[in-house]
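Protein chains: 4
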Amino acid sequence: MSTGRMEAFSDAVIAIAITVMVLELPTPHDTTWHALRDAWPVLLSYVLSFVILGIYWNNHHHMLQATTRVNGPILWANLHLLFWLSLVPFTTAWMGENAFASVPTAAYGVVLLAAALAYYALQGLIIRDQGEGSIVAAAVGRDLKGKLSPVLYVIGIGLSFLSSRAAVAVFATVALVWLIPDRRIERGLTAARPDDGGE
Amino acid sequence: MSTGRMEAFSDAVIAIAITVMVLELPTPHDTTWHALRDAWPVLLSYVLSFVILGIYWNNHHHMLQATTRVNGPILWANLHLLFWLSLVPFTTAWMGENAFASVPTAAYGVVLLAAALAYYALQGLIIRDQGEGSIVAAAVGRDLKGKLSPVLYVIGIGLSFLSSRAAVAVFATVALVWLIPDRRIERGLTAARPDDGGE
Amino acid sequence: MSTGRMEAFSDAVIAIAITVMVLELPTPHDTTWHALRDAWPVLLSYVLSFVILGIYWNNHHHMLQATTRVNGPILWANLHLLFWLSLVPFTTAWMGENAFASVPTAAYGVVLLAAALAYYALQGLIIRDQGEGSIVAAAVGRDLKGKLSPVLYVIGIGLSFLSSRAAVAVFATVALVWLIPDRRIERGLTAARPDDGGE
Amino acid sequence: MSTGRMEAFSDAVIAIAITVMVLELPTPHDTTWHALRDAWPVLLSYVLSFVILGIYWNNHHHMLQATTRVNGPILWANLHLLFWLSLVPFTTAWMGENAFASVPTAAYGVVLLAAALAYYALQGLIIRDQGEGSIVAAAVGRDLKGKLSPVLYVIGIGLSFLSSRAAVAVFATVALVWLIPDRRIERGLTAARPDDGGE
Numbered sequence: 003m004s005t006g007r008m009e010a011f012s013d014a015v016i017a018i019a020i021t022v023m024v025l026e027l028p029t030p031h032d033t034t035w036h037a038l039r040d041a042w043p044v045l046l047s048y049v050l051s052f053v054i055l056g057i058y059w060n061n062h063h064h065m066l067q068a069t070t071r072v073n074g075p076i077l078w079a080n081l082h083l084l085f086w087l088s089l090v091p092f093t094t095a096w097m098g099e100n101a102f103a104s105v106p107t108a109a110y111g112v113v114l115l116a117a118a119l120a121y122y123a124l125q126g127l128i129i130r131d132q133g134e135g136s137i138v139a140a141a142v143g144r145d146l147k148g149k150l151s152p153v154l155y156v157i158g159i160g161l162s163f164l165s166s167r168a169a170v171a172v173f174a175t176v177a178l179v180w181l182i183p184d185r186r187i188e189r190g191l192t193a194a195r196p197d198d199g200g201e
Numbered sequence: 003m004s005t006g007r008m009e010a011f012s013d014a015v016i017a018i019a020i021t022v023m024v025l026e027l028p029t030p031h032d033t034t035w036h037a038l039r040d041a042w043p044v045l046l047s048y049v050l051s052f053v054i055l056g057i058y059w060n061n062h063h064h065m066l067q068a069t070t071r072v073n074g075p076i077l078w079a080n081l082h083l084l085f086w087l088s089l090v091p092f093t094t095a096w097m098g099e100n101a102f103a104s105v106p107t108a109a110y111g112v113v114l115l116a117a118a119l120a121y122y123a124l125q126g127l128i129i130r131d132q133g134e135g136s137i138v139a140a141a142v143g144r145d146l147k148g149k150l151s152p153v154l155y156v157i158g159i160g161l162s163f164l165s166s167r168a169a170v171a172v173f174a175t176v177a178l179v180w181l182i183p184d185r186r187i188e189r190g191l192t193a194a195r196p197d198d199g200g201e
Numbered sequence: 003m004s005t006g007r008m009e010a011f012s013d014a015v016i017a018i019a020i021t022v023m024v025l026e027l028p029t030p031h032d033t034t035w036h037a038l039r040d041a042w043p044v045l046l047s048y049v050l051s052f053v054i055l056g057i058y059w060n061n062h063h064h065m066l067q068a069t070t071r072v073n074g075p076i077l078w079a080n081l082h083l084l085f086w087l088s089l090v091p092f093t094t095a096w097m098g099e100n101a102f103a104s105v106p107t108a109a110y111g112v113v114l115l116a117a118a119l120a121y122y123a124l125q126g127l128i129i130r131d132q133g134e135g136s137i138v139a140a141a142v143g144r145d146l147k148g149k150l151s152p153v154l155y156v157i158g159i160g161l162s163f164l165s166s167r168a169a170v171a172v173f174a175t176v177a178l179v180w181l182i183p184d185r186r187i188e189r190g191l192t193a194a195r196p197d198d199g200g201e
Numbered sequence: 003m004s005t006g007r008m009e010a011f012s013d014a015v016i017a018i019a020i021t022v023m024v025l026e027l028p029t030p031h032d033t034t035w036h037a038l039r040d041a042w043p044v045l046l047s048y049v050l051s052f053v054i055l056g057i058y059w060n061n062h063h064h065m066l067q068a069t070t071r072v073n074g075p076i077l078w079a080n081l082h083l084l085f086w087l088s089l090v091p092f093t094t095a096w097m098g099e100n101a102f103a104s105v106p107t108a109a110y111g112v113v114l115l116a117a118a119l120a121y122y123a124l125q126g127l128i129i130r131d132q133g134e135g136s137i138v139a140a141a142v143g144r145d146l147k148g149k150l151s152p153v154l155y156v157i158g159i160g161l162s163f164l165s166s167r168a169a170v171a172v173f174a175t176v177a178l179v180w181l182i183p184d185r186r187i188e189r190g191l192t193a194a195r196p197d198d199g200g201e
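Residue numbers (our numbering), protein chains in the order written: chain Y, 3 to 201; chain P, 3 to 201; chain X, 3 to 201; chain A, 3 to 201.
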């Protein structure tokens, strides 16, 4: 089965999740800069979630570029990932509207943790299907980032009961670590198709 | 007429329906785990509807992979299916916010029943157009699942007036039965295009 | 310029408009069938708008299948059509929530009238670009339906101040007239590519 | 890496942003034309933002048509543009619901300014990657419009504290300037592929 329609569906769900979050931003009732400043937890949560969903889209994009086919379990692992990503707007709103209160911040971290594990599982299924010698397997390599992220998320979830600012800082750190796109896959693809300047 | 744009439109509608449901999740006003626990009927309804819409996307995907062309009646049967799927977020919210009260749960089942019948009708039109010897026809075969689901939905609708938990359990059972993707079509496609490792 | 991306964008906007309408359906607060019965103006408005947007998608689909290229004015005429279609959820909610009161029903008709004129203008630009001997031109022919619809909408708008039920009946009649997809274009395409069983 | 999926994702985000704005339109509670007239700031803001997002889609479309490949920085510059475009519905609602009060109007201008700078940065990265002799570079040329727009936005933001009507007029002027699609790229493409009547 080809990857085309799974990519299209994933893109649609991520694009919708990233965009509908803006609908959760409550319109300030006041018309002063103060009103906007008071909305900073909401806006900061939005920025963080936008970047995180953007990273998922980006890495998902890279991974599927290097994938030649999908099967039933991969489709379901992908839907599982999309399930957790679709919950991001919900926890983002809860955390933002309560100015990073402990429990909503922890819940935000739990959804990110679940999404990270779902991505890891999806990647594992693709590598198993494509084989250890495939582009994806070579590109992922030891996957330090993939293994480090869940650990950091667990630390962040714990921290949210001590200092939710520190927890958010940890979540933002994970995002920064991932902001560097998977050049490994890009390099792998370039090595495999050295003279291909486009699709 | 090619199936491409009908697939794209269906994917978009299902992707949107699956994602906007999260907008119906009311942000808890409290910031305790209790608030999240009190939201369990809403969250459980969301999970169930996400899985059901995911199954529809998946099977729709498989069916159209094996379909080579569409005509007017198929386009309309497809829109009819999308109509009922688009109502899922509405009944999901009604059922979830009222903690599985009888009538909302029955209404949830009615929409699922209508969607199942619409899918069955769409499948019938595609088989009639493609011919009894086509991949789709061979893959669907006797279609036990397709015939069993409406019966189970009717039972679930009836049960919702006795015990809405039992009704939800029946709806979840139908989902579990379908969770196994249509391997038959996958097998049919593989048999028809044995040396095709992806589009 | 190719029609591909314009089709994709139009599909996305129409798919979103058709699906987000369900977000405008207010969840009944009650849990009785009465609550659902009281929601009938809202649900009926939803069904009508769903069918109308489905028709636009369908005919837009057919028209662009027969179109080989687009230019700047066509892109803008298309955006103009999408603008009016994007307002359909707004007028649908206003009309439904006020149980077909005169002014909201007339406003609903005005948006449908504007969309019909925008479609007519888009079609005219495509025919001018493709030439009078093109498949689109031959398929549209004298375009009785395209010329009749605005007249019926004007009648419906007028009627909404006498009897809004009659007005809605007129709007529904236009939908029924169009429900028969543009077989002319299908026939034209088949004649032009007689041995083409797919994309 | 090909431009296909980046185009698809951008289209989806812009299509969603353009369409969900209608969800921000508050349904008038009254059923009179007065109610609709009182909603004119909301409706006017919607029209302006629809046109602006339509322009972005259109020019983005043209630019990527002339682009043959994307790399990591381009993907991120694109996401950065989409971030600001995704905030348009938020500032549109704030400005519209407060009838063009100074601060919301200035905030609206700030988001437009940021989007314009993000587009300019994206364009710069694409030209650097494609080379100075590329179709995109030739088509953009001295890019008077791209350089003028941020200046006009800054003027508009300043004006919003003196007369928000004048500020909105400036924002609308920028839109009008851009309404003429990038014929330069179209001409460049035609020159490069003179006998190509579509993809």
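Think of the CB as a built atom: it goes at the ideal place given N, C-alpha and C, for glycine as much as any other residue.
**Q.** Per-residue contacts from P/L27 into chain X (C-beta, under 8 Å)
**A.** Taking the second sequence and counting its residues from 1, one reaches residue 27 of chain P at position 25. Simply none; closest approach about 12 Å.
Q. Does DSSP put P/R71 in a helix, in a strand, or in coil?
A. Counted from its first residue, the second sequence places residue 71 of chain P at position 69. Three-state result, P/R71: coil.
Q: Would you tell me roughly how many angstroms separate the C-alpha atoms of A/T29 and Y/S88, rounded to the nearest one?
A: Within the fourth sequence, the letter at position 27 stands for residue 29 of chain A. Within the first sequence, the letter at position 86 stands for residue 88 of chain Y. Looking at the two C-alpha atoms, the distance is approximately 27 Å.
Q: Write down the C-beta distance between P/I20 and P/F52 rounded to the nearest angstrom, noting that I regard them as a contact closer than 8 Å.
A: The residue given as residue 20 of chain P occupies position 18 in the second sequence. The residue given as residue 52 of chain P occupies position 50 in the second sequence. The Cβ separation is near 6 Å, so the contact holds.
Q: For P/P91, decide whether its Cβ has a neighbour in chain X, counting only Cβ atoms nearer than 8 Å.
A: For this step, residue 91 of chain P is matched to residue 89 along the second sequence. Judged by the 8 Å Cβ criterion, P/P91 is in contact with chain X.
Q: Pull out every residue of the region 60-78 of chain X whose Cβ sits closer than 9 Å to any Cβ of chain C, in chain order.
A: Within the model displayed, chain C is absent; protein chains Y, P, X and A are what it includes.
Q) Quick one, are the C-beta atoms of P/S104 and P/S166 less than 8 Å apart? A) As a first step, residue 104 of chain P must be located in the second sequence, where it is residue number 102. As a first step, residue 166 of chain P must be located in the second sequence, where it is residue number 164. Yes; because the gap between Cβ atoms is below 8 Å, this pair is in contact.
Q. Closest by CA to P/R92, which one among X/M8, X/L27 and X/T5?
A. Translated into positions along the second sequence, residue 92 of chain P becomes position 90. The residue asked about is misnamed: residue 92 of chain P is Phe in this sequence, not Arg. Selected option, being the one with the closest Cα: X/L27.
Q: Entirely within the region 46-116 of chain A and at least 4 residues each: give me those alpha helix (DSSP H) ranges in chain order.
A: 74-99
Q. Mind checking P/H31: buried by the 16 CB within 10 Å criterion, or exposed?
A. If you number the second sequence from 1, residue 31 of chain P lands on position 29. P/H31 should be labelled exposed.
Q: Give the single residue among Y/V172, Y/A68 and Y/L66 whose Cα lies nearest to the Cα of Y/L150.
A: The residue labelled residue 150 of chain Y in the question sits at position 148 within the first sequence. Taking only the C-alpha atoms, the option nearest Y/L150 is Y/V172.
**Q.** alpha helix (DSSP H) segment containing Y/R167, residue limits
**A.** What you label residue 167 of chain Y is simply residue 165 of the first sequence in a count that begins at 1. Its alpha helix (DSSP H) spans residues S166 to L181.
Q.
Our contact map puts Y/W86 next to Y/A117 with C-beta atoms below 8 Å; I'd like the distance itself, whole angstroms only.
A. Taking the first sequence and counting its residues from 1, the one referred to as residue 86 of chain Y is at position 84. Taking the first sequence and counting its residues from 1, the one referred to as residue 117 of chain Y is at position 115. Confirmed, about 4 Å.
**Q.** Other residues of its chain near A/M8: CB distance less than 7 Å, five sequence neighbours each side excluded
**A.** On the fourth sequence, position 6 is the one that residue 8 of chain A refers to. Contacts found: V72, L77 and N80.
Q. Which of the three DSSP states, helix, strand or coil, is assigned to P/H31?
A. Translated into positions along the second sequence, residue 31 of chain P becomes position 29. P/H31 falls in the coil class under three-state DSSP.
Q) Does the Cβ of X/G135 have 16 or more other Cβ atoms within 10 Å, making it buried, or fewer, making it exposed? A) What you label residue 135 of chain X is simply residue 133 of the third sequence in a count that begins at 1. Burial call: exposed.
Q: Compare the C-alpha of X/L66 against each of X/P106, X/F11 and X/L161 and name the closest.
A: Position 64 of the third sequence, counting from 1, holds the residue named residue 66 of chain X. Cα-wise, what sits closest to X/L66 is X/F11.
Q.
I'd like the span of the alpha helix (DSSP H) that includes X/A10, first residue to last.
A. What you label residue 10 of chain X is simply residue 8 of the third sequence in a count that begins at 1. Counting along the chain, the alpha helix (DSSP H) containing X/A10 begins and ends at G6 to E26.
Q. Buried or exposed: where does Y/F163 fall if 16 or more other Cβ atoms within 10 Å of its Cβ makes it buried?
A. Numbered from 1 along the first sequence, position 161 holds the residue referred to as residue 163 of chain Y. Exposed, because fewer than 16 other Cβ atoms sit within 10 Å of the Cβ of Y/F163.
Q: Could you tell me how far apart the beta carbons of P/L114 and P/I54 are, in whole angstroms, since I believe they sit closer than 8 Å?
A: The count along the second sequence starts at 1 and reaches residue 114 of chain P at position 112. The count along the second sequence starts at 1 and reaches residue 54 of chain P at position 52. Contact holds; Cβ gap of about 7 Å.
Q: Less than 8 Å between the CB atoms is what I'm expecting for Y/Y121 and Y/L83, so what's the real figure, rounded?
A: Sequence index remark: in the first sequence, residue 121 of chain Y carries index 119 (1-based). Sequence index remark: in the first sequence, residue 83 of chain Y carries index 81 (1-based). Correct: roughly 6 Å between the Cβ atoms.
**Q.** Limits of the alpha helix (DSSP H) - the one that A/G148 falls within
**A.** Mapped onto the fourth sequence, residue 148 of chain A falls at position 146. L146 to L161 is the span of the alpha helix (DSSP H), which, as asked, contains A/G148.
Q | Whole-Å CB distance - Y/I129 paired with Y/V142, under 8 Å assumed | A | Working through the first sequence from its first residue, we reach residue 129 of chain Y at position 127. Working through the first sequence from its first residue, we reach residue 142 of chain Y at position 140. Indeed they touch by this definition, with Cβ atoms about 7 Å apart.
Q) Taking all protein chains shown into account, do 16 or more other C-beta atoms lie within 10 angstroms of the C-beta of Y/W35, making it buried, or fewer, making it exposed? A) By one-based count along the first sequence, residue 35 of chain Y stands at place 33. Result: exposed.
Q | Reference P/H64, options P/L38, P/V138 and P/P106, closest by Cα | A | Mapped onto the second sequence, residue 64 of chain P falls at position 62. Selected option, being the one with the closest Cα: P/V138.
Q: Ignore the nearest five residues each way along the sequence and tell me which others in A/H62's own chain have a CB closer than 7 Å to its CB.
A: Within the fourth sequence, residue 62 of chain A is the residue found at index 60, counting from 1. Result list for A/H62: S12, in chain order.
(Q) Against chain P, with Cβ distances strictly below 8 Å, would Y/A109 count as a contact? (A) Position 107 of the first sequence holds residue 109 of chain Y. Chain P, which has a Cβ nearer than 8 Å to the Cβ of Y/A109, makes this yes.
(Q) Here's the rule I'm using: 16 or more other beta-carbon atoms within 10 Å means buried, otherwise exposed. How should X/G200 be labelled? (A) Within the third sequence, the letter at position 198 stands for residue 200 of chain X. Per-residue confidence for X/G200 stands at a pLDDT of 38, beneath the threshold of 50, marking its modelled position as unreliable; no derived number is given.
Q: If I'm right that A/P75 touches A/L127 with Cβ under 8 Å, what's the distance once you round it to whole angstroms?
A: Along the fourth sequence, one-based indexing puts residue 75 of chain A at 73. Along the fourth sequence, one-based indexing puts residue 127 of chain A at 125. Indeed they touch by this definition, with Cβ atoms about 5 Å apart.
(Q) Are the CB atoms of A/F102 and A/V170 within a distance shorter than 8 Å? (A) The residue given as residue 170 of chain A occupies position 168 in the fourth sequence. The residue given as residue 102 of chain A occupies position 100 in the fourth sequence. Cβ distance < 8 Å, so A/V170 and A/F102 count as in contact.
Q. So is X/V179 in contact with chain P if we call contact Cβ pairs under 8 Å?
A. Here residue 179 of chain X refers to the residue found at position 177 of the third sequence. No, its Cβ sits nowhere closer than 8 Å to a Cβ of chain P.
Q. Looking at chain X, which residues of the region 5-20 of chain P have a Cβ within less than 7 Å of any of its Cβ atoms?
A. G6, R7, A10, F11, A14, V15, I18 and A19
Q: With 8 Å as the threshold, decide whether the Cβ of X/L81 is near any Cβ in chain A.
A: As a working mapping, residue 81 of chain X is identified with position 79 in the third sequence. It does: the Cβ of X/L81 has a partner Cβ on chain A nearer than 8 Å.
Q: Decide if A/D197 is buried, meaning its Cβ has at least 16 other Cβ atoms within 10 Å, or exposed.
A: Walking along the fourth sequence from the start, residue 197 of chain A turns up at place 195. Caution is warranted here: a pLDDT of 42 is assigned to A/D197, below 50, making its placement in the model unreliable, and the coordinate value is therefore given only provisionally. It is exposed - the Cβ of A/D197 has fewer than 16 other Cβ atoms within 10 Å.
Q.
Against chain X, which members of the region 134-146 of chain A pass a CB distance test of less than 7 Å?
A. none
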